[in-house]
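Report on the structure given below.
Shown next, in the form of structure tokens:
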């Protein structure tokens, strides 16, 4: 299949648009998908970046990298095709024989994701020096919790408090487990939206879920800074700035490691 034909199969204008549609699908369907099917989807998703929404991954390749059986991979693709997320496009080799199928990620008609909550203020790139502790003034995280509690108390409708088991399934479990000791469910959702907002600032090579370890590490550093009164504005703002810096460094590293990146030869010019 020629390059122009491949480009014609692209279903999205940008990687961000593709990510939005896949996450919308996961928001609706993740609880109904097996762990193996989610692994297969994530692999296909990750390998649909060069030609947005188009994956050339063979069954054998998916089987090798997801550590699931060939039969399970085929069953997962069938399920995703039934749910209208994937479409298989048959290819033909130069000798006329049938080639490997191309997997195309489709638009989701009922696109839905909770609203974004981008922090208003972004902290400085460097960690500021600790300020003198104030006994009478509570920490920023405490202020946030207190404000949310007051808002809840003033509401005309009283609800039973929700725990972390009610958190939407599109938020990765490792992230929920990491922030659970420090944030309530609503704050956890806001924190994940902060992560998504920082991720959109850079043209990352892989889906957000693949950077979860770095995200958790930045969150822990933010907690440390909060405990030592090194944050002068807001907890989420500081977290947002740290994420942007970390993802920027990762994006630059990915660009340098990409064999398709072209460099200008100044010495031989």
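In this note's numbering, the protein residues as written are 3 to 271. Here a beta-carbon is modelled for each residue, glycine too, at the ideal position from N, C-alpha and C. Values in this document were obtained by computation on a predicted structure and should not be read as measured data.
About 6 Å separates the beta carbons of residue 168 and residue 187, which is inside the 8 Å limit, making them a contact pair.
Contact between residue 223 and residue 237 fails: their C-beta atoms lie close to 12 Å from each other, not under 8 Å. Looking at the backbone, the Cα of residue 64 and that of residue 71 are separated by about 9 Å. Sixteen is the threshold: when 16 or more other Cβ atoms of the shown chains lie within 10 Å of the Cβ of residue 194, as they do, the residue is buried. Taken in chain order, the unbroken stretches of alpha helix (DSSP H) that lie wholly in the stretch 12-55 and span 4 residues or more are 17-31 and 37-48.
The beta-carbon distance between residue 217 and residue 184, rounded to whole angstroms, is 14 Å. This is too long to meet the 8 Å contact definition. The beta carbons of residue 88 and residue 106 sit closer together than 8 Å. Between the C-alpha atoms of residue 102 and residue 17 there is a straight-line separation of about 24 Å. Beta-bridge annotation (DSSP): residue 94 is paired with 100.
When only Cα atoms are considered, residue 8 and residue 61 end up about 19 Å apart.
Per DSSP, residue 59 is not a residue of any alpha helix (DSSP H), being assigned neither H nor E. Annotation: residue 32 to residue 239 spans about 30 Å, alpha carbon to alpha carbon. Under the three-state reduction of DSSP output, residue 173 falls in the coil class, being neither helix nor strand. Between residue 25 and the set 44, 39 and 66, the nearest pair of CA atoms involves 44. Secondary structure note for residue 82: its alpha helix (DSSP H) is the uninterrupted segment 72-84.
Note that the C-beta distance between residue 48 and residue 208 is below 8 Å.
Where residue 187 is concerned, the enclosing alpha helix (DSSP H) starts and stops at 187-201. Restricting attention to 230, 234, 200 and 225, the CA atom closest to the CA of residue 252 is found in 200. About 7 Å separates the Cβ atoms of residue 82 and residue 39, confirming a contact at the 8 Å cut-off. Residue 69 counts as exposed, since fewer than 16 other beta carbons sit within 10 angstroms of its beta carbon.
It is roughly 12 Å from the alpha-carbon of residue 46 to the alpha-carbon of residue 20. In the three-state reduction of the DSSP assignment, residue 259 falls in the helix class.
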